[in-house]
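*Asks:*
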Amino acid sequence: MKRSRIARLRYSFDNFMSKGGMAVFLALLTMFALSFVVLSGLRILFGILLPDESSSHVFAQMWRVFLQILDGGAIAEDTDANWLSRVAGIITVFVGLILFSSLVAFITSQFEAKLAELRKGKSSVLEQNHAVILGFEDRVLDILAELIIANESESYAAVAILAEKDKEEMDDFLNDRLTERKSTRIVTRSGSTSSIGSLRKMGVEQCNSVLILNEAGSADTEEDRADADARVLKSIIAVIAATDKKNHPPIVAEIHSDRLRLVASNLSEGSIIAVDREALLARMLVQTSRVPGLFSVYSSMVGFEGQEIYFYRPESGWQNESFSDILFRFSGNGVMGFRHEDGEILLNPPADFRPAANDQAIILAEDDSTIEYLSEKVLRPEVRDLPDFKIQKSSESYLIIGWNQKGPVILQEYADYIPAGSRMSIVTRPEEAHHDTIAGTIKEITSQYSQLQLDWQEIDWSEPEALARLAPENYGNVILLARDGTNPEAVDAASIAGLLQVRQHLKSVERKLGHPPSTRVISEIMDSENVDLVLETGVKDFLISNQFISRILAQVAMEPDVHYVYDDLFSPEGSEIYLKPVSAYFQDPLKPHSFAECVSAALARKEVCIGIRIARFEADKERNHGVLLIPEMDEVFEFTGKDNLIVLAEDDD
3 MKRSRIARLR YSFDNFMSKG GMAVFLALLT MFALSFVVLS GLRILFGILL
53 PDESSSHVFA QMWRVFLQIL DGGAIAEDTD ANWLSRVAGI ITVFVGLILF
103 SSLVAFITSQ FEAKLAELRK GKSSVLEQNH AVILGFEDRV LDILAELIIA
153 NESESYAAVA ILAEKDKEEM DDFLNDRLTE RKSTRIVTRS GSTSSIGSLR
203 KMGVEQCNSV LILNEAGSAD TEEDRADADA RVLKSIIAVI AATDKKNHPP
253 IVAEIHSDRL RLVASNLSEG SIIAVDREAL LARMLVQTSR VPGLFSVYSS
303 MVGFEGQEIY FYRPESGWQN ESFSDILFRF SGNGVMGFRH EDGEILLNPP
353 ADFRPAANDQ AIILAEDDST IEYLSEKVLR PEVRDLPDFK IQKSSESYLI
403 IGWNQKGPVI LQEYADYIPA GSRMSIVTRP EEAHHDTIAG TIKEITSQYS
453 QLQLDWQEID WSEPEALARL APENYGNVIL LARDGTNPEA VDAASIAGLL
503 QVRQHLKSVE RKLGHPPSTR VISEIMDSEN VDLVLETGVK DFLISNQFIS
553 RILAQVAMEP DVHYVYDDLF SPEGSEIYLK PVSAYFQDPL KPHSFAECVS
603 AALARKEVCI GIRIARFEAD KERNHGVLLI PEMDEVFEFT GKDNLIVLAE
653 DDD
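Printed below as a string of structure tokens:
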């Protein structure tokens with residue numbers, strides 16, 4: 003069937019116009035030019051047919067046509083024109099109104115389309131040396147807060163967030179909750195976190211680090227967690243591909259599965275840190291429950307507010323000095339150990355250890371700008387006659403109330419740490435669906451640690467009579483685990499309700515005994531904004547889950563090898579942080595002692611002193627509950643019998 007020429011022209015015109023903005027603009031310009039030519043010819047023709055004063059100059063008539071197309075009011079200037087020229091002017095004005103209105107409408111629609119595109123977050127991020135976050139979860143607020151503090155010394159810093167969420171939704175969320183951003187600019191974009199094109203738009207080739215958040219939490223099913231892990235793994239591969247598989251930035255990713263964490267770590271020769279947040283939190287909870295005041299120490303270390311971990315090597319090198327000499331080359335910063343050239347971490351090395359030329363010291367400092375390798379050593383005080391101090395290890399007892407995904411790791415960690423003859427009791431409500439997991443974990447641990455007493459009860463412990471039968475006052479520590487859940491506010495509300503019930507019971511026991519029981523209550527909370535409410539319940543030791551893991555992620559994103567330091571600190575092997583009484587280091591602990599003396603005394607016990615804890619400030623939040631990390635070497639303290647040194651040591655003896 004033959005098509006008419008008009009149909010073909012219409013088809014070509016439709017195809018041309020379907021190309022969008024530029025095609026429409028060119029069509030309007032073409033129509034404007036054709037209209038100008040046709041209307042100018044018409045006016046010139048009318049001037050020939052009916053001459054008057056206005057038709058004496060051809061170019062003057064063309065100029066009038068041009069003005070009348072652009073501005074309808076220009077027809078008023080045709081005072082010397084005849085009626086035929088005025089008809090031509092009226093036609094020109096109508097055509098001009100149509101063309102000009104169309105052009106204005108087109109420009110307006112293009113602006114609106116561009117604004118809509120910007121609101122969708124599809125444009126490229128033109129930043130350099132920035133941090134990229136893939137994913138948008140509640141804990142992104144704590145991560146951004148840490149990065150803002152870390153970037154305070156930078157005059158201009160940026161964090162770019164890519165997530166499969168609406169850009170306006172992300173911006174509104176951040177604008178409501180993160181008003182103080184200092185020198186850090188936060189850029190959000192919508193798109194797939196595993197799209198190579200979207201990642202290149204985020205500037206991953208020019209960024210300092212990529213942090214990939216896992217959207218699955220502890221309350222999600224195994225299937226959901228596996229799916230979320232697979233998406234994180236896909237995002238890691240996309241980042242590597244977007245940077246041409248070479249020189250990719252350090253990648254920090256949350257992955258639940260042990261197997262997939264191993265796969266992720268071996269994807270490239272570049273730095274990929276796969277973090278198991280549940281295991282980190284479980285280990286942290288175990289350590290803080292065993293060492294009173296330890297959480298305040300970690301609160302100062304983890305994140306960028308307070309002291310944090312850096313890697314440092316002086317320009318002049320280590321000059322073949324021993325670790326004991328290097329300790330006194332710093333004041334106001336402390337050496338915890340060394341990172342070897344191959345990445346191996348060595349904490350609390352022997353006093354005579356001599357670092358290799360390229361070894362870096364693991365420094366605890368307020369900021370990297372405050373680290374100073376002194377040209378002359380601080381005078382090292384001589385320590386004579388250390389007290390004959392040894393902790394008599396006795397059995398420990400723990401009442402664990404509730405259960406969550408961290409439960410198996412928590413029990414395993416306790417089993418690795420606590421001495422023989424210790425007791426762990428688990429209490430869950432009948433409606434909590436963890437029966438198989440709890441039973442399997444208990445069976446596995448009792449087969450490995452036959453010297454431990456491990457039991458499990460299913461009762462509604464929220465009933466006062468049931469709680470009285472449990473007798474929490476007979477345990478050294480009561481641990482309240484946060485229930486699994488996706489809503490931090492609801493989870494914390496349940497935790498606080500449980501804390502109040504335990505507190506009321508212990509208060510009633512105190513009234514009977516005439517003194518408070520020695521039981522410590524440790525709780526896990528999700529949202530840092532609920533800290534004051536927890537303090538109201540009388541609990542001094544608690545783990546802020548989301549904030550703690552967010553701080554670690556932010557630190558690791560800025561310096562990936564910090565993750566290996568925390569891995570070492572939180573594992574039962576090697577050295578951990580302990581708070582030991584001052585009487586373990588000085589024959590006369592009540593005399594004034596400088597911090598240099600504390601460092602020297604700890605060194606004599608094969609330990610590294612990184613700070614002190616003053617007992618009388620335990621309840622003072624403004625003084626960080628009495629914890630002071632890395633004071634100046636010459637600062638002098640008047641200790642009491644209840645004060646502690648904060649040390650890196652292999653055990654609590």
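Position one of the sequence shown corresponds to residue 3 (the numbering used here), numbered consecutively onward. Here a beta-carbon is modelled for each residue, glycine too, at the ideal position from N, C-alpha and C. All values reported here derive from a predicted model rather than from experimental measurement.
Work out the CA separation of Asn-216 and Met-3 for me, nearest whole Å.
*Replies:* Looking up residue 3 in the sequence shown gives position 1. Looking up residue 216 in the sequence shown gives position 214. At Met-3 the pLDDT is 45, less than 50, meaning the model places this residue with poor confidence; the figure from the coordinates comes in the next sentence. Whole-angstrom Cα-Cα distance: 60 Å.
*Asks:* Kindly examine the ligand FMN and report whether one of its heavy atoms sits closer than 7 Å to the Cβ of Asp-653.
*Replies:* Summarising the ligand content, the structure contains no ligands, and the ligand FMN is consequently not present.
*Asks:* Would you decide whether Gln-459 is buried or exposed? Buried here means 16 or more other CB atoms lie within 10 Å of its CB.
*Replies:* For the purposes of this step, residue 459 is identified with residue 457 of the sequence shown, where counting begins at 1. Exposed.
*Asks:* Per the contact definition of three or more C-beta pairs closer than 8 Å, is the segment 180-188 in contact with the segment 332-339?
*Replies:* Note that the segment 332-339 does not touch the segment 180-188; fewer than 3 beta-carbon pairs, one per stretch, sit closer than 8 Å.
*Asks:* Classify Ser-396: buried if its beta carbon has 16 or more other beta carbons within 10 angstroms, exposed otherwise.
*Replies:* Indexing the sequence shown from 1 puts residue 396 at position 394. Classification for Ser-396: exposed.
*Asks:* State the beta-bridge partners of Phe-639 as determined by DSSP.
*Replies:* Your numbering for residue 639 matches position 637 in the sequence shown. In the DSSP output, where bridge partners are listed per residue, Phe-639 has His-595.
*Asks:* Under 8 Å, do Trp-320 and Ile-311 count as touching if we go by C-beta distance?
*Replies:* Mapped onto the sequence shown, residue 320 falls at position 318. Mapped onto the sequence shown, residue 311 falls at position 309. Contact: no.
*Asks:* Our contact map puts Leu-401 next to Pro-474 with C-beta atoms below 8 Å; I'd like the distance itself, whole angstroms only.
*Replies:* Looking up residue 401 in the sequence shown gives position 399. Looking up residue 474 in the sequence shown gives position 472. Rounded, the Cβ-Cβ distance is 5 Å, consistent with contact.
*Asks:* Quick check on DSSP: helix, strand or coil for Pro-432?
*Replies:* Along the sequence shown, one-based indexing puts residue 432 at 430. For Pro-432, the three-state secondary structure derived from DSSP is coil.
*Asks:* Tell me which residue opens and which closes the beta strand (DSSP E) that Val-134 is part of.
*Replies:* On the sequence shown, residue 134 is found 132 positions in, with the first residue counted as 1. Element bounds for Val-134: 133-136.
*Asks:* Determine the contact status of Asp-622 and Gly-613, defining contact as a CB-CB distance below 8 Å.
*Replies:* Walking along the sequence shown from the start, residue 622 turns up at place 620. Walking along the sequence shown from the start, residue 613 turns up at place 611. Not in contact: Asp-622 and Gly-613 (Cβ atoms no closer than 8 Å).
*Asks:* Is the beta carbon of Glu-256 closer than 8 Å to that of Arg-279?
*Replies:* Translated into positions along the sequence shown, residue 279 becomes position 277. Translated into positions along the sequence shown, residue 256 becomes position 254. Arg-279 places its beta carbon less than 8 Å from that of Glu-256.
*Asks:* Count the C-beta pairs between the segment 371-386 and the segment 590-602 that are closer than 8 Å, then say yes if the count reaches three, no if not.
*Replies:* yes
*Asks:* Does the Cβ of Phe-641 have 16 or more other Cβ atoms within 10 Å, making it buried, or fewer, making it exposed?
*Replies:* Locating residue 641 in the sequence shown gives position 639, where the first residue counts as 1. It counts as buried.
*Asks:* Does the beta-carbon of Val-638 have 16 or more other beta-carbons within 10 angstroms, so that it is buried, or is it exposed?
*Replies:* One-based indexing of the sequence shown puts residue 638 at position 636. Exposed, because fewer than 16 other Cβ atoms sit within 10 Å of the Cβ of Val-638.
*Asks:* Measuring straight from C-alpha to C-alpha, what distance separates Val-134 and Glu-207?
*Replies:* Your numbering for residue 134 matches position 132 in the sequence shown. Your numbering for residue 207 matches position 205 in the sequence shown. Each residue's Cα considered, the two are about 11 Å apart.
*Asks:* Which of the three DSSP states, helix, strand or coil, is assigned to Val-511?
*Replies:* Within the sequence shown, the letter at position 509 stands for residue 511. Note: Val-511 maps to helix in three-state DSSP.
*Asks:* Round the Cβ separation of Arg-431 and Asp-457 to the nearest angstrom and send it over; I've been treating them as touching at under 8 Å.
*Replies:* Walking along the sequence shown from the start, residue 431 turns up at place 429. Walking along the sequence shown from the start, residue 457 turns up at place 455. So it is not a contact: roughly 16 Å between Cβ atoms.
*Asks:* Specify the secondary structure class of Ile-238 as computed by DSSP and reduced to three states.
*Replies:* Working through the sequence shown from its first residue, we reach residue 238 at position 236. Three-state DSSP puts Ile-238 in a helix.
*Asks:* Determine, using beta carbons only, whether Glu-398 and Ile-420 come nearer to each other than 8 Å.
*Replies:* In the sequence shown, residue 398 corresponds to position 396, counting from 1. In the sequence shown, residue 420 corresponds to position 418, counting from 1. Cβ distance < 8 Å, so Glu-398 and Ile-420 count as in contact.
*Asks:* Within the continuous beta strand (DSSP E) that includes Thr-190, where are the two ends?
*Replies:* Counted from its first residue, the sequence shown places residue 190 at position 188. First-last of the beta strand (DSSP E) with Thr-190: 186-192.
*Asks:* Please confirm if the segment 163-171 is in contact with the segment 577-591, defined as three or more CB-CB distances below 8 Å between the two stretches.
*Replies:* no
*Asks:* Would you identify the three-state DSSP class for Cys-209, choosing helix, strand or coil?
*Replies:* In the sequence shown, residue 209 corresponds to position 207, counting from 1. Three-state DSSP puts Cys-209 in coil, outside helix and strand.
*Asks:* Using three-state DSSP, classify Glu-460 as helix, strand or coil.
*Replies:* Sequence index remark: in the sequence shown, residue 460 carries index 458 (1-based). Glu-460 falls in the strand class under three-state DSSP.
*Asks:* For Asp-246, does the count of other Cβ atoms within 10 angstroms reach 16, so buried, or fall short, so exposed?
*Replies:* The residue labelled residue 246 in the question sits at position 244 within the sequence shown. By the neighbour-count rule (16 or more Cβ atoms within 10 Å), Asp-246 is not buried but exposed.
*Asks:* Near Leu-647, what residues of its chain come up, given a Cβ to Cβ distance below 7 Å and the 5 sequence neighbours on each side ignored?
*Replies:* Mapped onto the sequence shown, residue 647 falls at position 645. The residues are Lys-582, Val-584, Tyr-587, Cys-600, Ala-604, Cys-611 and Ile-614.
*Asks:* In chain order, what residues of the same chain have a beta carbon less than 7 Å from the beta carbon of Pro-351, not counting five sequence neighbours either side?
*Replies:* Position 349 of the sequence shown, counting from 1, holds the residue named residue 351. Closer than 7 Å at the Cβ level, and outside the excluded window around Pro-351, lie Phe-325, Gly-339 and Phe-340.
*Asks:* Specify the secondary structure class of Phe-391 as computed by DSSP and reduced to three states.
*Replies:* For the purposes of this step, residue 391 is taken as residue 389 along the sequence shown, with counting starting at 1. Here Phe-391 sits in coil by DSSP.
*Asks:* When you compare each of Ala-468, Ser-427 and Arg-471 to Asp-454 by their alpha carbons, which one comes out closest?
*Replies:* Looking up residue 454 in the sequence shown gives position 452. Per the sequence shown, the amino acid found at residue 454 is Leu instead of Asp. Cα-wise, what sits closest to Leu-454 is Ser-427.
*Asks:* Which of helix, strand or coil does DSSP assign to Phe-340?
*Replies:* The residue given as residue 340 occupies position 338 in the sequence shown. Phe-340 falls in the strand class under three-state DSSP.
*Asks:* For the putative contact between His-507 and Leu-483, defined by C-beta atoms under 8 Å, what is the C-beta separation to the nearest angstrom?
*Replies:* Mapped onto the sequence shown, residue 507 falls at position 505. Mapped onto the sequence shown, residue 483 falls at position 481. With 8 Å as the limit, His-507 and Leu-483 do not qualify as a contact, their Cβ atoms being about 18 Å apart.
*Asks:* At the level of alpha carbons, what is the spacing between Gly-193 and Arg-522?
*Replies:* Position 191 of the sequence shown, counting from 1, holds the residue named residue 193. Position 520 of the sequence shown, counting from 1, holds the residue named residue 522. Spanning the two alpha carbons is a distance of roughly 48 Å.
*Asks:* When DSSP labels each residue in this structure, what does Leu-128 get in the three-state scheme?
*Replies:* Residue mapping note: residue 128 aligns to position 126 of the sequence shown, counting from 1. DSSP places Leu-128 in coil when its eight states are reduced to three.
*Asks:* Between the C-alpha atoms of Ala-2 and Phe-330, what's the straight-line distance to the nearest angstrom?
*Replies:* Lying before the first or after the last residue shown, residue 2 is absent from the chain, which here runs from 3 to 655.
*Asks:* Using alpha carbons as the reference points, say which of Pro-594, Ala-559, Glu-652 and Lys-644 lies closest to Leu-213.
*Replies:* Translated into the one-based positions of the sequence shown, residue 213 becomes position 211. Comparing Cα-Cα distances from Leu-213 to each of Pro-594, Ala-559, Glu-652 and Lys-644, the minimum goes to Ala-559.
*Asks:* Measure the beta-carbon distance from Asn-153 to Ser-185 and round it to whole angstroms, keeping in mind my assumption that it falls under 8 Å.
*Replies:* Within the sequence shown, numbered from 1, the residue matching residue 153 stands at position 151. Within the sequence shown, numbered from 1, the residue matching residue 185 stands at position 183. Confirmed, about 6 Å.
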